[in-house]
Amino acid sequence: MNIEKLIRPSVLTMNAYVSARHEIKGDEHTFLDANEFPEGDWNRYPDPFQTELREKIARQKGVNAENVFLGNGSDEVLDLLFRVFCTPGQDRALQFTPTYGMYRVLAQLNDVELLSIPLTKDGDLPLDESLENYLENCQFKLTFVCSPNNPLGTLVKLNELIRLLEYTSGLVVVDEAYIDFASAESVINLIEEFPNLVVVQTMSKAWASAGLRIGMAYAQAEVIEWLNKVKPPYNISGPNAQLAIQKLNETSHQSAIKELVRRRRTLRSALAKLACVEFIYPSETNFLLIKSALASEIKTFLNERQIIIRDRSSDVKNTIRISVGTEEECDRLVKLIQQFENEESTVY
Ligand SMILES: *Cc1c(COP(=O)(O)O)cnc(C)c1O
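For what it's worth, this note's numbering labels the leading residue of the sequence shown as -10, then goes sequentially.
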């Protein structure tokens, strides 16, 4: 596979910004190159390639540091993928819906046409000969697969992903924002075999660090190099990189993730008993997608009582999406929806 053929021509020929410190290792030098203030706690620019954090993440994921790119949240990673691979006003991208809303926002921002194909009702890829032909004809530069899916909560099957990788000529971006809550493994180990695979993850969900803005891309080294070429030179702040390292050192956090998954199951069974709940999608994430004819009424009722949830009816008819909170938050949520039902039945 020829990655260069996929690169946006203006990116192919541009000269990347080079800092005078690119080749310098260690901090025992006298730095008079970057117009920084000479004293202070955070007076220096951070490491542009976040070497320490990247090596730590690479070790934890069982890949080489050259296969890891870090962005200011995975939203930056996704934006950079558009900017490296898509020529505005010309190239096209594909998503399977319902899915994460940022793909659409970023496609529009980058003036890239984004086509949508619906997932099956179980959240699977609708793979058949006609889709294969369609993919071959359309030559999408980027194809987004969100697995586990936001908002459905479901995983895409491994064999389906592999088939998609096999007959897609552009890049397949697998967004695994919720993978650490899931029963399946990440597909990171497939990057060796598939040069067109980019796996995107984040510290914002299972790693309890949305405030740090750390997103990751895993891919073959050549793809990572292109992302490095276009990224803002100091896209991750020094304090954020340090705090991320501390968080990754917290071995106890794995059990906090398991605890949250248990709480998701408890919340699910409590909600399933409520009459106003028609259906709860199977979840491999830290949220539940709930179908109810009264979806928007429930949302308003909860909002008025200071509980903020998301109405997802625009994507999946009559649904609300609820994040799994603390035990107290879950209890309060269930009690309030019960109260909603009681009041509802006295009104009608
Ligand atoms: C939350 C979420 C992200 C996270 O974005 P960050 O910028 O890393 O906070 C990415 N993809 C999906 C599908 C998400 O739900």
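We put the CB at the ideal spot given by N, CA and C, even for glycine.
Three-state secondary structure (DSSP) of residue i
i: ASP111; result: coil
i: MET91; result: helix
i: ILE203; result: strand
i: PHE38; result: coil
i: LEU141; result: coil
i: ILE296; result: coil
i: THR274; result: coil
i: CYS75; result: coil
i: ARG321; result: helix
i: VAL212; result: helix
i: SER105; result: strand
i: LEU67; result: helix
i: LEU98; result: helix
i: THR289; result: helix
i: THR354; result: Residue 354 cannot be examined here, being either before or after the span of the chain that is shown, -10 to 337.
i: LEU21; result: coil
i: ILE(-8); result: helix
i: PHE268; result: strand
i: PHE329; result: helix
i: ASP30; result: coil
i: ALA173; result: coil
i: ARG10; result: coil
i: VAL52; result: coil
i: LYS220; result: coil
i: SER198; result: coil
i: SER302; result: coil
i: ARG43; result: helix
i: GLU316; result: helix
i: ILE168; result: helix
N-terminal and C-terminal residue of the beta strand (DSSP E) that residue i is part of
i: ARG81; result: 81 to 86
i: VAL189; result: 186 to 191
i: LEU59; result: 57 to 61
i: SER312; result: 308 to 312
i: LEU160; result: 160 to 164
i: LEU131; result: 131 to 135
CB of residue i within 7 Å of CB of residue j, strictly
i: PHE345; j: LEU103; result: A question about residue 345 goes unanswered here, because the residues of the chain that appear run from -10 up to 337.
i: ALA230; j: PHE58; result: no
i: GLU273; j: LEU116; result: no
i: VAL219; j: VAL73; result: yes
i: LEU69; j: LEU216; result: yes
i: ILE279; j: ILE298; result: no
i: VAL313; j: ARG257; result: no
i: LYS130; j: ASP80; result: yes
i: MET91; j: ASP64; result: yes
i: TYR167; j: PRO137; result: yes
i: LYS288; j: ASP304; result: no
i: VAL323; j: ALA284; result: no
i: GLU182; j: SER175; result: no
i: ILE246; j: ALA199; result: no
i: SER172; j: PRO35; result: no
i: LEU83; j: THR132; result: yes
i: PRO37; j: PRO222; result: yes
i: LEU153; j: LEU201; result: no
i: LEU95; j: LEU141; result: no
i: PHE290; j: PHE329; result: yes
i: LEU249; j: ASN275; result: yes
i: ASN32; j: GLU25; result: yes
i: PHE128; j: SER105; result: It is worth fixing the name first, because residue 128 is Gln in this sequence and not Phe. Not in contact: GLN128 and SER105 (Cβ atoms no closer than 7 Å).
i: ASP113; j: PRO77; result: no
Opening and closing residue of the alpha helix (DSSP H) in which residue i lies
i: LEU283; result: No alpha helix (DSSP H) contains LEU283, which DSSP labels as neither H nor E.
i: TYR156; result: 147 to 156
i: GLY227; result: 227 to 238
i: LEU249; result: 242 to 261
i: LEU120; result: 118 to 127
Cutoff 7 Å: residue i Cβ touching any chain B Cβ
i: GLY200; result: The chain labelled as chain B is not found in the depicted structure, where only one protein chain is given.
Whole-angstrom C-beta distance between residue j and residue i, which should lie under 8 Å
i: ILE234; j: LYS45; result: 6 Å
i: ILE362; j: VAL189; result: Any question about residue 362 goes unanswered here, given that the chain covers just -10 to 337.
i: TYR156; j: GLU125; result: 7 Å
i: THR191; j: GLY51; result: Going by Cβ atoms, the distance from THR191 to GLY51 rounds to 18 Å, so no, they are not a contact pair.
i: LEU263; j: LEU160; result: No, LEU263 and LEU160 are not in contact; Cβ-Cβ is about 43 Å, not under 8 Å.
i: PRO184; j: ILE13; result: PRO184 to ILE13, Cβ: 32 Å. No contact.
(request) Go through the residues and name those whose CB comes closer than 6 Å to any heavy atom of ligand 1, in chain order. (result) Here the list is GLY62, SER63, ASP64, TYR89, CYS135, ASN139, ASP164, ALA166, THR191, SER193, LYS194, ALA199 and GLY204.
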